[in-house]
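Since the structure comes first, as structure tokens, the remarks are kept for the end.
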Amino acid sequence: MLGSLEASKVPPAPEAAAPEAAPAAATGDAPAAPATRNYSEALKLIAKGAWPFPRAVYSYALERLFELGAKTVAIDILYVSDRKDDSDPRILAAMDRLEAMQEAYGISDELLEKVEAELDESFEIAPAMILALQRLEAAKSKLGASPELLARIKSLLEREGRKIREGDEVFAETLERHRGKIVLAFSNNKTLDDNGKETIQFLRPNPTLAKALGEDGLGYAFFQPDADAVVRRVDTTTSQFKESNKAFLQTGPDDWLKFSALAVSKFASRKIEPQHEIINYRGAAGTFEVLPIEELFSDRLLKEDPRYQGGNRFKDKLVFLGPISETFHDEHRTPLGTQPGVEIHAHYAGSLLDNIPISEFPKEKELWLVVGAVLMAAILLLTFESLPKRVGFAAFAVGGFAYASYVLFRDHHLMLPVVSPLIALGLVGGIITAFDFAIEQLEKAHVRGVLDKYVSSNVASMVMNQGDSFDQALRGENKAVSVLFSDIRGFTSLSESRSPEMLVAQLNEYFMQMVDRVLGQGGTLQKFIGDAIMAVWGDTHSMGINVDCLGAVRAALKMRVALHELNQGWASNPDREELHIGVGINHGHVVVGELGHPQRMEFTCLGDGVNLAARLESATKQFGVDILVASEAEKITRDQVVYRRVDLAVFKGKTQPIQVFTPLGEVGMDVPAWLGTYHAALDLFHERKFTEAKVAFAAVDQEMGGDDYLCKMYQKRCDHYLAEPPAAEWDGSWTLTEK
Numbered sequence: 027m028l029g030s031l032e033a034s035k036v037p038p039a040p041e042a043a044a045p046e047a048a049p050a051a052a053t054g055d056a057p058a059a060p061a062t063r064n065y066s067e068a069l070k071l072i073a074k075g076a077w078p079f080p081r082a083v084y085s086y087a088l089e090r091l092f093e094l095g096a097k098t099v100a101i102d103i104l105y106v107s108d109r110k111d112d113s114d115p116r117i118l119a120a121m122d123r124l125e126a127m128q129e130a131y132g133i134s135d136e137l138l139e140k141v142e143a144e145l146d147e148s149f150e151i152a153p154a155m156i157l158a159l160q161r162l163e164a165a166k167s168k169l170g171a172s173p174e175l176l177a178r179i180k181s182l183l184e185r186e187g188r189k190i191r192e193g194d195e196v197f198a199e200t201l202e203r204h205r206g207k208i209v210l211a212f213s214n215n216k217t218l219d220d221n222g223k224e225t226i227q228f229l230r231p232n233p234t235l236a237k238a239l240g241e242d243g244l245g246y247a248f249f250q251p252d253a254d255a256v257v258r259r260v261d262t263t264t265s266q267f268k269e270s271n272k273a274f275l276q277t278g279p280d281d282w283l284k285f286s287a288l289a290v291s292k293f294a295s296r297k298i299e300p301q302h303e304i305i306n307y308r309g310a311a312g313t314f315e316v317l318p319i320e321e322l323f324s325d326r327l328l329k330e331d332p333r334y335q336g337g338n339r340f341k342d343k344l345v346f347l348g349p350i351s352e353t354f355h356d357e358h359r360t361p362l363g364t365q366p367g368v369e370i371h372a373h374y375a376g377s378l379l380d381n382i383p384i385s386e387f388p389k390e391k392e393l394w395l396v397v398g399a400v401l402m403a404a405i406l407l408l409t410f411e412s413l414p415k416r417v418g419f420a421a422f423a424v425g426g427f428a429y430a431s432y433v434l435f436r437d438h439h440l441m442l443p444v445v446s447p448l449i450a451l452g453l454v455g456g457i458i459t460a461f462d463f464a465i466e467q468l469e470k471a472h473v474r475g476v477l478d479k480y481v482s483s484n485v486a487s488m489v490m491n492q493g494d495s496f497d498q499a500l501r502g503e504n505k506a507v508s509v510l511f512s513d514i515r516g517f518t519s520l521s522e523s524r525s526p527e528m529l530v531a532q533l534n535e536y537f538m539q540m541v542d543r544v545l546g547q548g549g550t551l552q553k554f555i556g557d558a559i560m561a562v563w564g565d566t567h568s569m570g571i572n573v574d575c576l577g578a579v580r581a582a583l584k585m586r587v588a589l590h591e592l593n594q595g596w597a598s599n600p601d602r603e604e605l606h607i608g609v610g611i612n613h614g615h616v617v618v619g620e621l622g623h624p625q626r627m628e629f630t631c632l633g634d635g636v637n638l639a640a641r642l643e644s645a646t647k648q649f650g651v652d653i654l655v656a657s658e659a660e661k662i663t664r665d666q667v668v669y670r671r672v673d674l675a676v677f678k679g680k681t682q683p684i685q686v687f688t689p690l691g692e693v694g695m696d697v698p699a700w701l702g703t704y705h706a707a708l709d710l711f712h713e714r715k716f717t718e719a720k721v722a723f724a725a726v727d728q729e730m731g732g733d734d735y736l737c738k739m740y741q742k743r744c745d746h747y748l749a750e751p752p753a754a755e756w757d758g759s760w761t762l763t764e765k
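Following the working numbering, the numbering of the sequence shown begins with 27 at its first residue and continues without gaps.
The following block contains the structure:
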């Protein structure tokens, strides 16, 4: 067990560490211990003095500790300067006498006469009285000493020649008497040389104390903090510290032990080898009990206070004496919070005594640890291709390394470097993953570029980004989709009248504009069928039935505008012909999947919903309109699009009539005045009022300019039904005879 002692006014001692030497026995000519000790004098010194204490205080403390059975005492206080304080008991007695006399006489001739009288009576106290008078005068300038008074004091000093033991001499006698059982601290000091360069010099105890204790009793008490100003490590010799601090002026001492290591060496009589170790802190500040130095001199406390165990608290113990108060500025940051330097020494000494100091992994081998981590990371990361597996491996590797570090620390007190291997692992993993990602993106871009040439961009996106969904779609799915078919009117005659080069060039210009409108509305370009275009909304991904269906109708309206602009541009080009198209739109259920031969597969849609869209496109010629929309699609989009009813038609191969419409534009357009009259005429037609309907259609036709195909078509139907009235079950439908 270690004890840490502190005086309420003990000075700050620089951080600690220690030199080595075998414990030395007291020399034969060491001063003999006094027969009796009056420890009340120590309390008087503490009570009298402001900081720094007279060094006799530490002399008394050492004598008391060894009297109580302490085996070794380590003092974490620097004694660099010489001290000539009032340490001799005779001076203390003389000071008390002089103060009493001064209160009665003041500093005056009368006082000096009294002093001279007492000097004549007692030769033993005479030198002390003279020196005490000098100290009293020097310390209390308020007394107003005159030059004449100082001259008389000097003459008294010259008359008496008896030596007074004071300051360092008293302390040195104690150090010499207990040589081999005491460790004093020394540290270093940073200064600037004449060139402004920083230098470091050792600060050792003054020659009087160093000689008394011996060089083997001095320990290096400086802690070199890490870059973050935290004290974690310790070098057991000064040479190790100097290797990393090239600013030292002198070459020695190279083989001196750290302060706490030297204390352990003397306490346990064992050799401490040079080590670079990490301090094994046992806890935060206060782990070791702190006892005030003045309590050492109270016989009552030593006997009655349970902390002192009846005076046996220090028996066969290693005791550290040093400052712990914040006012002494001897506090340092540690991994467990701020702690006084003397307590840090106690932590390290405790780990040495229990043989549990923490060793660092050798620096020269750290590179191999990093290389091993890099190689392992590279091999295993290249083995796993998926990111989740790589992340899982990285977590496993980090966890495994952390566990190995923990086991080595717990069982062998070896601290592995954690940061550098983890940085290496992270860098390698990051670089490999980034490289693979870049390669993958390049490959995706290449594949996407190829796919975009042969399939719709929506299909390409589904292939690239939704592999599972695409795999399911390839096997076949039933989906509600909106299908658009468009075809060029009179393409056969056009192809016969134009050269292949001119035809291909014009078709590519046409397809460019039409497909852009489809893709712009979120559609999937399913295929080109000669000059026809098939597009679908909702096959690869759906934005909802309403959005899909509205996208198809909007695409058709924009294709109408784009073709008009193309024809205007081609009007002045003799190599181009004016084109006209028909567009059919239907919403219904279809089968989506991959069809074809293993060497030529196609992702497409099939079913009645597709067939009806194709029939609608073909029927545009029979109704004289460019766009036909089936009733299901019209029902979904009627709130966003203005429609003109076209017919209740029974398509070839079907038995049930389907209401078809042609879109005029989106809601918000200027609705033509004739649209209401036209729908009223159509209602008359379905009510079998053919005469009135014919008149109404004629009026609408005139209102529209006299050339409306639908109005003329219904006038002919009115004539037909007037001549041959329909059957009683007639529902107003018309059967188409062509596909």
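Even glycine gets a Cβ: it sits at the ideal position worked out from N, Cα and C.
Report yes or no: do the stretch 542-554 and the stretch 598-617 share at least 3 C-beta pairs separated by less than 8 Å? Touching, no, given that fewer than three Cβ pairs across the two stretches are closer than 8 Å.
Same chain, Cβ closer than 7 Å to E9, neighbours up to 5 away in sequence not counted
The chain is shown from 27 up to 765; residue 9 falls before or after that span and cannot be answered.
Of the listed residues V579, T630, I607 and G608, nearest to Q666 (C-alpha basis): In the sequence shown, counting from the first residue as 1, residue 666 sits at position 640. Distance check between Q666 and each of V579, T630, I607 and G608 places V579 closest, using alpha-carbon atoms only.
* What's the call for F422, buried or exposed, on a 16-neighbour Cβ count within 10 Å? -> Here residue 422 refers to the residue found at position 396 of the sequence shown. Exposed.
Alpha carbons only, please: which of F419, L440, R436 and I465 is nearest the one belonging to G455? If you number the sequence shown from 1, residue 455 lands on position 429. Of F419, L440, R436 and I465, the smallest CA-CA separation from G455 is found for F419.
> In three-state terms, what does DSSP make of K819?
Replying inline: In the structure as shown, the chain begins at 27 and stops at 765. Residue 819 is therefore absent and cannot be evaluated.
### Message
If I measure Cβ to Cβ from D652 and keep anything under 8 Å in the same chain, skipping five residues before and after, which residues do I get?
### Response
Position 626 of the sequence shown, counting from 1, holds the residue named residue 652. If we look at D652 and ignore the five residues flanking it on each side, its Cβ neighbours are R586, H606, I607, G608, V609, T646 and T688.
inquiry  = Let's see if you can read the secondary structure: which residues bound the alpha helix (DSSP H) around L661?
reply    = Numbered from 1 along the sequence shown, position 635 holds the residue referred to as residue 661. Inspection of the sequence shows that residue 661 is occupied by Lys rather than by Leu. Per DSSP, K661 is one residue of the alpha helix (DSSP H) stretching across S657 to T663.
Next on the checklist: What residue range does the alpha helix (DSSP H) around P366 cover?
Outcome noted: As a working note, residue 366 is residue 340 in the sequence shown. Looking at the DSSP string, P366 is not in any alpha helix (DSSP H); the run it does join, the beta strand (DSSP E), is G363 to P366.
**Residues that T225 bridges to, as DSSP identifies them** = By 1-based counting over the sequence shown, the position of residue 225 is 199. Answer is T217.
At which residues does the alpha helix (DSSP H) containing P689 begin and terminate?
Start at 1 with the first residue of the sequence shown, and residue 689 comes out as number 663. Run containing P689: none in the alpha helix (DSSP H); it sits in the beta strand (DSSP E), I684 to E692.
Open item on the list: I believe W760 touches L621 by the beta-carbon criterion, under 8 Å. Please report the beta-carbon distance rounded to the nearest angstrom.
Closed with: Indexing the sequence shown from 1 puts residue 760 at position 734. Indexing the sequence shown from 1 puts residue 621 at position 595. The distance from the Cβ of W760 to that of L621 is about 35 Å, inconsistent with a contact at the 8 Å cut-off.
Q.
Using the Cβ count rule (16 or more neighbours within 10 Å means buried), how would you classify D574?
A. Here residue 574 refers to the residue found at position 548 when the sequence shown is read from its first residue. With 16 or more other Cβ atoms within 10 Å, it is buried.
Practice problem: Would you mind sorting N637 into buried or exposed? The rule is 16 or more other CB atoms within 10 Å of its CB. | Solution: Translated into positions along the sequence shown, residue 637 becomes position 611. Under this definition N637 is a buried residue.
Report the partner residues of I550 according to the DSSP bridge assignment.
-> In the sequence shown, residue 550 corresponds to position 524, counting from 1. According to the sequence as given, residue 550 is Thr; it is not Ile. Its beta-bridge partners are V562.
query = So is S377 buried or exposed if we call it buried at 16+ other beta carbons inside 10 Å?
reply = Counted from its first residue, the sequence shown places residue 377 at position 351. It counts as buried.
Backbone CA spacing between P414 and I458 [nearest angstrom]
Taking the sequence shown and counting its residues from 1, one reaches residue 414 at position 388. Taking the sequence shown and counting its residues from 1, one reaches residue 458 at position 432. Within the model, the alpha-carbon separation for P414 versus I458 is close to 14 Å.
Which runs of the alpha helix (DSSP H) fall wholly inside the stretch 671-758 and span at least 4 residues, in chain order? Those alpha helix (DSSP H) runs which fall completely within the stretch 671-758 and span 4+ residues are 700-712, 716-729 and 735-749.
Taking the alpha carbon of N612 as the point to measure from, which residue in E628, L589, S657 and R626 has its own alpha carbon closest? Residue mapping note: residue 612 aligns to position 586 of the sequence shown, counting from 1. Scanning E628, L589, S657 and R626 for the CA closest to the CA of N612 turns up S657.
- Count the other C-beta atoms from every protein chain shown that fall within 10 angstroms of the C-beta of Y429, then say buried if there are 16 or more, exposed otherwise. Walking along the sequence shown from the start, residue 429 turns up at place 403. The residue in question, Y429, is exposed, as its Cβ has fewer than 16 Cβ neighbours within 10 Å.
**Q.** Exposure label - T518; buried when at least 16 CB within 10 Å
**A.** Along the sequence shown, one-based indexing puts residue 518 at 492. Exposed, since its Cβ has fewer than 16 Cβ neighbours within 10 Å.
>> Per DSSP, what are the beta-bridge partners of Y246 in this structure?
In response: If you number the sequence shown from 1, residue 246 lands on position 220. Note: Y246 sits in a beta bridge opposite F212 and K284.
- prompt: For the stretch 238-258 against the stretch 197-212, are there 3 or more C-beta pairs whose distance is under 8 Å?
  reply: In short, these stretches touch, since the Cβ pair count reaches three.
- Which of helix, strand or coil does DSSP assign to A171? Here residue 171 refers to the residue found at position 145 of the sequence shown. Because A171 carries a pLDDT of 49, less than 50, the predicted location of this residue cannot be relied on, and the following value inherits that uncertainty. DSSP places A171 in the coil class of the three-state scheme, outside both helix and strand.
Nearest to L453 (by Cα), restricted to the options S324, A375, V106 and V396:
Numbered from 1 along the sequence shown, position 427 holds the residue referred to as residue 453. Ranking the options by Cα distance to L453, first place goes to V396.
Residue span of the alpha helix (DSSP H) that contains L621, given as start and end: Numbered from 1 along the sequence shown, position 595 holds the residue referred to as residue 621. Where L621 is concerned, there is no enclosing alpha helix (DSSP H), although the beta strand (DSSP E) it sits in stretches over I607 to H623.
Open item on the list: Measuring alpha carbon to alpha carbon, tell me which residue in K584, D254 and N504 is nearest H567.
Closed with: In the sequence shown, counting from the first residue as 1, residue 567 sits at position 541. Checked all of K584, D254 and N504; the closest Cα to H567 is N504.
Check your understanding: So, are the CB atoms of A581 and R543 less than 8 Å apart?
Key -> For this step, residue 581 is matched to residue 555 along the sequence shown. For this step, residue 543 is matched to residue 517 along the sequence shown. Judged by beta-carbon spacing, R543 lies within the 8 Å limit of A581, meaning their Cβ atoms are closer than that value.
Going along the chain, which residues of its own chain have a beta-carbon closer than 6 Å to the beta-carbon of V400, five neighbours each way excluded?
Position 374 of the sequence shown, counting from 1, holds the residue named residue 400. The answer, listed in chain order, is A450 and V454.
**Asked** What are the boundary residues of the beta strand (DSSP E) that P318 is part of?
**Response** Locating residue 318 in the sequence shown gives position 292, where the first residue counts as 1. Segment V316 to P318, the beta strand (DSSP E) holding P318.
Span separating the alpha-carbon of S431 from that of L347:
Looking up residue 431 in the sequence shown gives position 405. Looking up residue 347 in the sequence shown gives position 321. Inter-residue distance for S431 and L347 is about 36 Å (C-alpha atoms, whole angstroms).
Give me the residue from P318, Y334 and G367 with the minimum Cα distance to A343.
The sequence position of residue 343 within the sequence shown is 317, counting from 1. Looking at the sequence shown, residue 343 is not Ala but Lys. Out of P318, Y334 and G367, Y334 has the C-alpha closest to the C-alpha of K343.
Please report the distance separating the alpha-carbon of M779 from that of P447.
Shown here, the chain extends from 27 to 765; a query on residue 779 therefore has no answer.
* **Under 8 Å between C-beta atoms of F197 and A247** => Residue numbering aside, residue 197 sits at position 171 when the sequence shown is read from its first letter. Residue numbering aside, residue 247 sits at position 221 when the sequence shown is read from its first letter. No, Cβ-Cβ distance for F197 and A247 is not below 8 Å.
Please classify G635 as buried or exposed, where buried requires at least 16 neighbouring CB atoms within 10 angstroms.
Sequence index remark: in the sequence shown, residue 635 carries index 609 (1-based). When all chains shown are included, G635 counts as buried.
| query | Straight-line CA distance for E386 to R259? | reply | Stepping through the sequence shown from its first residue, residue 386 is reached at position 360. Stepping through the sequence shown from its first residue, residue 259 is reached at position 233. Using only the alpha carbons, I get a separation of about 9 Å.
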